[in-house]
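Read through the structure below, which is laid out as structure tokens, and then see the notes.
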Amino acid sequence: MRHSLTRVLPYAPEQLFELVGDVRLYPQFVPWLTDIKVCNEAAIAPGLTSIDAEASVGFSFLKERFATRVLRDANTREIVVSLLYGPFKRLKNRWRFTPHPDGTLVTFDIDFEFKSRLLDGLLAANMDRAIAKLIGCFEARAAALHGASAPAATG
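Numbering-wise (this note's numbering), the sequence shown opens with residue 18 and increments by one.
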């Protein structure tokens, strides 16, 4: 299942890159993430870091854990997340933060498939709503951290 979303937000690309790249804080503002454990944080090259994160998620009927490798490239303002293990056959997502006259053009691409056909079917029926809710969590966090319309400084 593939999905892509783009949105212009009134924040600097660096602000949004830092927000999305700080996976340790996700449980504070993404309600279905109940815990995140991180390990193997490493600087790979100037501006390029890697971190492994194990997330615990909880919905009304579903409790799962999965682990990802998060590559954060401050040079290109991209974050790429790939699956290490969990209830997915595949999972990859990419965030890009591009300067825009009104702040930042945020591009979020995700491609995944659950091992369970039932879970795949449930999410397929609600994919647009699920992605919108996820992006909404990040937008609300950006507003809480930087104000409802922060200056769009780029660098």
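The beta-carbon is built from N, C-alpha and C at its ideal position, and this holds for glycine as well. Everything numeric in this text was worked out from a predicted model, so none of it was measured.
Here Gly120 carries a strand assignment [DSSP, helix/strand/coil]. Excluding residues up to 5 positions away in sequence, Thr66, Ser67 and Ile68 lie with their Cβ nearer than 8 Å to the Cβ of Ala59 in the same chain.
In the structure shown, Val47 adopts coil according to DSSP, grouped into three states. DSSP places Arg94 outside both helix and strand once states are collapsed to three, so it counts as coil. Membership of Gly64 in any alpha helix (DSSP H) is not indicated, and neither H nor E is assigned to it by DSSP. Taking Pro116 as reference, the option from Ser21, Leu26, Arg146 and Asp137 with the minimal CA-CA separation is Leu26.
Going by DSSP, Leu33 is part of the alpha helix (DSSP H) stretching over Pro30 to Gly38.
Assigned with DSSP and collapsed to three states, Ala72 falls in strand. Phe83 is bridged by DSSP to Ala72. Comparing C-alpha distances from Thr121 to each of Arg19, Met18, Arg24 and His20 shows the shortest one belongs to Arg24.
Here Lys132 carries a coil assignment [DSSP, helix/strand/coil].
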